[in-house]
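Undergrad: With the numbering used here applied, the sequence shown corresponds to residues 96 to 360, in that order.
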Amino acid sequence: MKRFLAVAMSVAMVFGVAACSSNSTPKVEDKKTEEAPAKTDGGVLKMGCSADFPPFESYDDDGKTIVGYDVDMMNEICSRLGMTLEITDMNFDSVVTAVQTGKIDVGVSGMTITDERKANVNFSDSYFTAAQSILVPKDSKITGYQALLDGTYKAGVQLGTTGDIMAVEKLGDRVSEFEKYGDALAALLAGKVDCMVLDTGVAEAYAQANDLVVLDETFGDASDIEYYGIAISKDNTELLDKINGALADMKTAGFFDELNQKYAG
Numbered sequence: 096m097k098r099f100l101a102v103a104m105s106v107a108m109v110f111g112v113a114a115c116s117s118n119s120t121p122k123v124e125d126k127k128t129e130e131a132p133a134k135t136d137g138g139v140l141k142m143g144c145s146a147d148f149p150p151f152e153s154y155d156d157d158g159k160t161i162v163g164y165d166v167d168m169m170n171e172i173c174s175r176l177g178m179t180l181e182i183t184d185m186n187f188d189s190v191v192t193a194v195q196t197g198k199i200d201v202g203v204s205g206m207t208i209t210d211e212r213k214a215n216v217n218f219s220d221s222y223f224t225a226a227q228s229i230l231v232p233k234d235s236k237i238t239g240y241q242a243l244l245d246g247t248y249k250a251g252v253q254l255g256t257t258g259d260i261m262a263v264e265k266l267g268d269r270v271s272e273f274e275k276y277g278d279a280l281a282a283l284l285a286g287k288v289d290c291m292v293l294d295t296g297v298a299e300a301y302a303q304a305n306d307l308v309v310l311d312e313t314f315g316d317a318s319d320i321e322y323y324g325i326a327i328s329k330d331n332t333e334l335l336d337k338i339n340g341a342l343a344d345m346k347t348a349g350f351f352d353e354l355n356q357k358y359a360g
């Protein structure tokens, strides 16, 4: 995953943040909507994610354990805060709302920091930079970003992601939105869409697992760089401060350098 490593190294130079490994077992999404914010002097830290976003979060071979870059990072943060991580798998477009309502304490799902999301939740300091890539079959006639714009090709995206927002803006009704990346991938493999628009690291992971190709040219302009952050309730500034402190310490300790190397392979 050379492109993953290149993007990861850019954040290490600009923001820098790090992490370790995990075997946290997820629980199913429940219907509870109001809970007290997590304390930061021990206890459980409830994390929400959409576990179809490798290498950041996805199910291990056992089909039960959620693993990945974000999980490793959050386990290291919890270790430093004296907390235990509990993960809930949910649709990506539900994560911010779940943070707002107190259903989870943090939303960590390769989530780009945007002004729209910042109106509803706080974000930690950035821990990763990303860009949108175009994933296609090996025999695709889509040669690059401009070819996708100029043609009649259909793109699959995950609902609520920045890839979704950018693709709809550029491609209009040629975009098919899916609740899960796995559904978009199935549509691509079945020929129901011609490509997927998604974060580069995830595109690389899907390409390797499914004999697909990530185009060299990214989707969007060169300036369309995204920064991942941890979503936290606006009512829990104590947790925000402690997570930012942990991230800064992890950067200094070299955790993110190790993590980037681990997931670049």
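Cβ coordinates follow ideal geometry from the N, Cα and C atoms, glycine included.
Pop quiz: V252 and V270 are said to be a contact at Cβ under 8 Å. What is the actual Cβ separation, rounded to whole angstroms?
TA: Sure, about 6 Å apart at Cβ, within 8 Å.
Undergrad: Using the Cα positions of L176 and E333, report the straight-line distance between them to the nearest angstrom.
TA: CA-to-CA, the gap between L176 and E333 works out to about 12 Å.
Undergrad: Ordered along the chain, which non-local residues of its own chain (more than five positions away) have a Cβ less than 7 Å from that of E274?
TA: N186, L254
Undergrad: Could you check what DSSP says for F187 in three-state terms: helix, strand or coil?
TA: helix
Undergrad: Report all residues from its chain with a CB closer than 6 Å to the CB of G258; omit the five preceding and five following residues, and keep chain order.
TA: Q227, V252, V292, L293
Undergrad: State the CB to CB distance for the pair V216 and K329, rounded to an integer number of angstroms; the pair is presumed to be in contact (CB under 8 Å).
TA: Contact holds; Cβ gap of about 6 Å.
Undergrad: By a C-beta neighbour count over all protein chains shown, 10 Å radius and 16 as the cutoff for buried, is L310 buried or exposed?
TA: buried
Undergrad: May I ask you to verify whether the stretch 295-312 touches the stretch 277-287, counting CB pairs closer than 8 Å and requiring at least 3?
TA: yes
Undergrad: In terms of residues, what are the limits of the beta strand (DSSP E) holding S228?
TA: Residues 227-232.
Undergrad: For L244, which residues of its own chain have a beta-carbon under 8 Å away from its beta-carbon, when the five flanking residues on both sides are left out?
TA: If we look at L244 and ignore the five residues flanking it on each side, its Cβ neighbours are K265, L266.
Undergrad: Return the chain-ordered list of same chain residues with a C-beta closer than 6 Å to the C-beta of I327, the five sequence neighbours on each side being excluded.
TA: V201, N217, L334, L335, listed in sequence order.
Undergrad: To which residues of the same chain is R212 closer than 8 Å at the C-beta, ignoring the five residues directly before and after it?
TA: V191, M206, F218, A326
Undergrad: Just to confirm the assignment, what range does the alpha helix (DSSP H) spanning V263 have?
TA: 257-266
Undergrad: Give the DSSP-derived three-state secondary structure of G251 in the structure shown.
TA: strand
Undergrad: Tell me where the beta strand (DSSP E) around D294 begins and ends.
TA: 290-294
Undergrad: Is DSSP giving T332 helix, strand or coil here?
TA: helix
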